[in-house]
Every structure is written in C-alpha cells, then in structure tokens.
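Colleague: Numbering (this note's numbering), first residue to last: 1 to 113. First, the structure itself, so that you have it in front of you.
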C-alpha cells in the first residue's frame, strides 16, 4: 500500500467502471424478465382519490418575529494632514531660485477600515 492519495484520473476511471457495471446489471435484470402472456391484463387500478378535509385543533401558533437591523453608521471623514515645507538654497549653488513655500495639502489620508 502506498502513502500517496489517488489522482483525479484514478477516481474518474473507477467511477466510470462502477457506472458501467451498474448499467450492465440493470440491462441483465431487464432482459431476464419473463414476458406476460398476451391475454393477461395489467394490474388492477386503485380507486380514485377522494378529497378529505382535516381540522386540527391545538395551541395557537406563536407570533411571527421580524428582526430589523439598523443601517451601519456612516464612515468617519478621512483624516487630513497639513504640512508646510521651506526650501533654502545652499551657498554652493549660485543660480538657485528663491526659497519656496508649499501650500497646505488635504489630499493625504489613510483608509483605516
């Protein structure tokens, strides 16, 4: 006996072999029936079904309970961070532009869901 699991191919082949064997047995059972004589009638039919009304008395049914879940609260607004950056040129770059100040930004946020 090996320690490996059966492969899909093995499972399919085994399943098809079982199906074929079952069909063969069914065909042999159908072929082995003895035919009825020509004069024999079919089995008697049962009488027609009649409608019957049944009344059951007992305890009343419990009330139906409907559970309503309120909607989730709205998500909090995103947090914003404001940063001001100053750039000062060094003495080694004579053609540096004047210091620049960036405007506050509000586009930085992190979704913390």
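Virtual Cβ for every residue (Gly too), placed ideally from N, Cα, C.
Between the alpha carbons of residue 6 and residue 26, how many angstroms are there, rounded?
Modeller: The residue you call residue 6 lines up with position 6 of the chain shown. The residue you call residue 26 lines up with position 26 of the chain shown. Approximately 29 Å, taken between the alpha carbons.
Colleague: Work out the CA separation of residue 56 and residue 44 for me, nearest whole Å.
Modeller: As a first step, residue 44 must be located in the chain shown, where it is residue number 44. As a first step, residue 56 must be located in the chain shown, where it is residue number 56. Between residue 44 and residue 56, the C-alpha separation is close to 34 Å.
Colleague: Tell me the rounded alpha-carbon separation between residue 14 and residue 33.
Modeller: Position 14 of the chain shown, counted from the first residue, corresponds to residue 14. Position 33 of the chain shown, counted from the first residue, corresponds to residue 33. If you take the alpha carbons of residue 14 and residue 33, they lie about 29 Å apart.
Colleague: Does DSSP classify residue 13 as helix, strand or coil?
Modeller: On the chain shown, residue 13 is found 13 positions in, with the first residue counted as 1. Residue state, collapsed to three classes: helix.
Colleague: For residue 64, which residues of its own chain have a beta-carbon under 7 Å away from its beta-carbon, when the five flanking residues on both sides are left out?
Modeller: Position 64 of the chain shown holds residue 64. Residues of the same chain with their beta carbon placed closer than 7 Å to that of residue 64 are lacking, with the five preceding and five following residues left out of the count.
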